[in-house]
Amino acid sequence: MKGKAKLSFLNLLLLILIFFNFTSCKGDREEVDTQEQQQDPLEVINNKKFKVVGYFNGLTRGGMVPDYYNLRDIPDGVDIVNLFHRFSGLCNLKRGDRTPGATGEDAKTLTEIINDIKYMRSNKKIVVQTQFVNEIFENYKDAMKTVKFQNTPEDYDAYAKKVADSLSKWGFDGIDLDIEPGYSVTGFNDDDLDLYVQAFAKYFGPKSKSGKLLIIDTNVGFSELNLSKETLSKINLLYIQDYWGSETYTDNKIDGYLQIGFPKERVILISADFEDAYSSTSPINGPLRLKQYYTSPKYQSKVGGYGAYGFNFDKKLDYKYYQEMITKLKTY
242 MKGKAKLSFL NLLLLILIFF NFTSCKGDRE EVDTQEQQQD PLEVINNKKF
292 KVVGYFNGLT RGGMVPDYYN LRDIPDGVDI VNLFHRFSGL CNLKRGDRTP
342 GATGEDAKTL TEIINDIKYM RSNKKIVVQT QFVNEIFENY KDAMKTVKFQ
392 NTPEDYDAYA KKVADSLSKW GFDGIDLDIE PGYSVTGFND DDLDLYVQAF
442 AKYFGPKSKS GKLLIIDTNV GFSELNLSKE TLSKINLLYI QDYWGSETYT
492 DNKIDGYLQI GFPKERVILI SADFEDAYSS TSPINGPLRL KQYYTSPKYQ
542 SKVGGYGAYG FNFDKKLDYK YYQEMITKLK TY
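In terms of the working numbering, the sequence shown opens at residue 242 and continues consecutively.
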């Protein structure tokens, strides 16, 4: 009886161990499945008829006018903040606390920026990093910084993964790729850009299931962008930079994307440059241009949101123009 009891106890212990091992494996599988189906950050603002976005320039500055570069006083109602700072610059920023008394372009540390991102996200803001597409060529493949990324599909994928890993670690909600023919595409051939964006679409965007946004911002229409309709279906939002030119020019750019079936609610019109034209009193640039577009019934029927380049310069008047836009858009 004693031997049988001992055997029964061992069998029971074995069953318990098998049970806990099984449930642990099951839990691991459930965690992986959850990771593969992350929530789209846009879901929390999809109920808004018009989204409010803005490029925040001067991310690390800390000189005589630090208010312009404060990430913690962006007004409620700004939905998406684009932090415009080179990826290599972010990678090279010092960690930890700022050196006492440090000022200038790189006074801020990466640790400060990460904490600022956490703060903004806790205040229901979506935060993405903006970078020029050809920044790939200034970044290194290896930790020793001896070999830079090249213009090959293999390097597109490796760089996109490096960016995805870093931005996720730092707390960003996604990436915004700036495609400006004649400016930010140097080093690419026309056909390369589609492959490049496809590489990012593996790690960002609705088809990746990563829960990380993939945004394209550009100053040209569809016929000049050199991206296929299939590739555009893999992005979350399209920003149209349009802080210059005529209304006809604006119409042609927007209409080209709508005609190929790109959803109007995912088109964001960036219609003012606050960094260079904030003090302008002309309706063709600066704050008055922004107001002209967001109050226009024609553009309300064509786009799903509005914003400005360098919107942080609106801090000069305590975000007067952005506050006016946020209040007005709520009435439509």
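Virtual Cβ for every residue (Gly too), placed ideally from N, Cα, C.
Where residue i falls, given that 16 or more other Cβ within 10 Å makes a residue buried
i	result
residue 570	buried
residue 266	Below a pLDDT of 50, predicted positions are generally treated as unreliable, and residue 266, at 29, falls in that range; no measurement from the model is reported.
residue 290	exposed
residue 477	buried
residue 586	Outside the shown range of the chain (242 to 573) lies residue 586, about which nothing can therefore be said.
residue 384	exposed
residue 463	buried
residue 430	exposed
residue 500	exposed
residue 288	exposed
residue 247	Reliability fails at residue 247, whose pLDDT of 45 lies under 50, so the model's placement of it is uncertain and the value that follows must be treated cautiously. The residue is exposed, with fewer than 16 neighbouring Cβ atoms inside 10 Å.
residue 558	exposed
residue 489	exposed
residue 575	Lying before the first or after the last residue shown, residue 575 is absent from the chain, which here runs from 242 to 573.
Closest by C-alpha distance to residue i, when choosing among the options
i	options	result
residue 418	439, 406, 432, 383	439
residue 229	489, 481, 504	Missing from the structure shown is residue 229; the chain here goes from 242 to 573 and no further.
residue 380	400, 367, 371	400
residue 364	343, 312, 329, 299	312
residue 441	468, 428, 402, 430	402
residue 310	388, 495, 554	554
residue 415	281, 510, 481	281
residue 485	494, 525, 367	525
residue 299	344, 456, 432	344
residue 279	449, 319, 395, 321	449
residue 371	407, 338, 325, 341	325
residue 318	340, 395, 397, 361	361
residue 556	297, 479, 436, 443	297
residue 527	496, 482, 455	482
residue 424	407, 408, 447, 461	461
Simplified DSSP assignment, three categories, for residue i
i	result
residue 264	With a pLDDT of only 30 at residue 264, under the threshold of 50, the placement of this residue in the model should not be trusted; the figure read from the coordinates follows. Looking at residue 264 - three-state DSSP - the assignment turns out to be helix.
residue 576	Within the shown structure, residues of the chain are numbered from 242 to 573, placing residue 576 beyond reach of any answer.
residue 378	helix
residue 333	helix
residue 295	strand
residue 487	coil
residue 202	Nothing in the structure corresponds to residue 202, since the chain is present only between 242 and 573.
residue 572	coil
residue 449	coil
residue 290	coil
residue 495	helix
residue 407	helix
residue 371	strand
residue 325	strand
residue 553	helix
residue 358	helix
residue 433	helix
residue 508	strand
residue 527	helix
residue 276	Any answer about residue 276 is weak, because its pLDDT of 48 lies below 50 and its placement is not dependable; what the coordinates show is given next. Here residue 276 sits in helix by DSSP.
residue 501	coil
residue 402	helix
residue 482	strand
Beta-carbon proximity list for residue i, same chain, < 8 Å, skipping 5 on both sides
i	result
residue 316	560, 563, 564, 567
residue 359	412
residue 432	467
residue 376	327, 328, 329
Supposed close pair residue i, residue j - CB separation, criterion 8 Å
i	j	result
residue 512	residue 547	6 Å
residue 369	residue 426	Not quite, the Cβ-Cβ distance comes to about 20 Å (not below 8 Å), so this is no contact.
residue 551	residue 514	6 Å
residue 331	residue 350	Residue 331 to residue 350, Cβ: 11 Å. No contact.
residue 348	residue 301	7 Å
residue 456	residue 480	6 Å
residue 443	residue 396	14 Å between Cβ atoms; not a contact.
residue 529	residue 537	Rounded, the Cβ-Cβ distance is 13 Å, inconsistent with contact.
residue 394	residue 434	12 Å between Cβ atoms; not a contact.
residue 390	residue 428	Wrong, their Cβ atoms sit about 10 Å apart, outside the cutoff.
Nonlocal neighbours in the same chain, by C-beta distance under 6 Å from residue i, ignoring five residues either side
i	result
residue 506	545
residue 357	312
residue 321	294, 367
residue 549	295, 513, 515, 531
residue 535	547, 566
residue 533	524
residue 470	501
Own chain residues within Cβ distance below 7 Å of residue i, not counting five before or after
i	result
residue 466	420, 459
residue 339	348, 349, 350, 353
residue 541	573
residue 445	405, 415, 416, 451, 453, 454, 455
residue 292	286, 320, 321, 509, 545, 546
residue 355	411, 412
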